[in-house]
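Participant: The structure that follows is given in the form of structure tokens.
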Ligand SMILES: [Fe+2]
Ligand SMILES: [Fe+2]
């Protein structure tokens with residue numbers, strides 16, 4: 037992708053962000069939790085299909101759906117918080133003003149997403165689950181670090197969007213949670229569009245100087261990051277808060293249960309094909 041094409045895409049994305057601003061102040065928040073409502077699509081709940089899930093009645097499953105929503109929104113808050121600080125320190129450091137202009141919108145949108153997510157967690161759970169992420173050090177090569185940052189963001193956002201897209205349409209869910217997922221999905225489509233094109237543009241620029249060894253390093257880095265992203269979808273505290281006995285024991289085994297492995301493989305297969313096409317992940 038040429039620099040001219042990339043700049044045109046950035047200008048277009050910035051224009052849409054400017055025209056289609058979504059105001060978090062307009063969201064309608066019900067006064068309290070509805071115990072009869074689902075807050076997370078049952079088939080996406082991390083325990084779905086496990087023995088413990090089969091032993092739960094509908095009221096317990098609905099209670100778990102609320103704590104799973106709080107976990108999902110919490111992991112988004114921590115991801116966005118990190119991304120905002122990492123992107124912000126790279127703004128206006130060089131010639132690429134069209135890039136900085138768009139990234140400013142990216143940061144602005146992530147800030148507003150944190151308002152929806154934290155608004156939900158504070159109101160209905162009075163907590164945000166702690167950050168369980170770890171972040172590596174910079175390599176010293178600014179362009180490589182920027183590339184890896186957006187490659188990780190792309191992995192993170194593709195998986196989140198799989199959940200958003202399904203939950204935005206799930207009529208079983210409480211309207212507020214459906215709306216949060218819908219709004220996030222709409223704005224994340226632009227971030228995903230940017231991310232895929234940024235990675236392609238960068239790889240094209242480095243076609244000659246990023247050799248096979250470097251490209252293998254990129255793949256190793258991203259496949260460990262992918263494992264790490266999935267770990268955050270299984271949270272023992274969320275199980276405990278839903279009233280599940282021996283929550284830590286449940287957590288210890290659930291991620292390796294056949295249904296959970298199959299679910300992750302299906303999502304990876306569906307959502308990470310572009311990264312595989314760029315040879316940034318191994319073929320599935
Ligand atoms: Fe976001
Ligand atoms: Fe995003």
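In this note's numbering, the protein residues as written are 37 to 320.
Using N, Cα and C, we set each Cβ at its ideal position, and we do this for glycine too.
Nothing here was measured: the structure is a model prediction, and the numbers come from that model.
(1) For a quick check, are the C-beta atoms of residue 98 and residue 73 less than 8 Å apart?
(2) Would you say the beta carbon of residue 118 comes nearer than 7 Å to a heavy atom of ligand 1?
(3) Could you tell me the alpha carbon to alpha carbon distance between residue 309 and residue 319, rounded to whole angstroms?
(4) Under 7 Å Cβ to Cβ from residue 193, same chain only, skipping five residues before and after it: list those, please.
(5) What residue range is occupied by the uninterrupted alpha helix (DSSP H) comprising residue 309?
(6) Relative to ligand 2, what is the chain-ordered list of residues with a Cβ closer than 6 Å to any of its non-hydrogen atoms?
(7) Quick check on residue 316: does DSSP put it in helix, strand or coil?
(8) Quick one: using the 10 Å Cβ neighbour count with 16 as the cut-off for buried, is residue 277 buried or exposed?
(9) Using a Cβ distance threshold of 8 Å, determine whether the stretch 162-172 contacts the stretch 110-127, with at least three qualifying pairs required.
(10) With a threshold of 7 Å (Cβ to nearest heavy atom), would residue 112 be considered close to ligand 1?
(11) Is residue 171 near ligand 1, in the sense that its beta carbon is under 7 Å from a heavy atom of that ligand?
(12) How is the alpha helix (DSSP H) around residue 30 delimited, first residue to last?
(13) Taking 8 Å as the cut-off, does the stretch 117-137 touch the stretch 209-220 (at least 3 CB pairs, one atom from each stretch)?
(14) Check each candidate in 295, 242 and 61 and name the one with the smallest Cα separation from residue 151.
(15) Does ligand 1 have a heavy atom nearer than 7 Å to the CB of residue 149?
Facilitator: In short, the structure shows the following:
(1) yes
(2) no
(3) Residue 309 and residue 319: Cα-Cα distance of roughly 9 Å.
(4) Cβ-Cβ distances below 7 Å link residue 193 to 224, 227, 228 and 231 in the same chain, with the five nearest sequence neighbours on each side left out; the list follows chain order.
(5) Per DSSP, the continuous alpha helix (DSSP H) segment holding residue 309 begins and ends at 309-313.
(6) 146, 193, 224 and 227
(7) coil
(8) buried
(9) yes
(10) yes
(11) Relative to the non-hydrogen atoms of ligand 1, the Cβ of residue 171 never comes closer than 7 Å to any of them.
(12) Here the chain covers residues 37 to 320 and nothing more, so residue 30 does not appear.
(13) no
(14) 61
(15) yes
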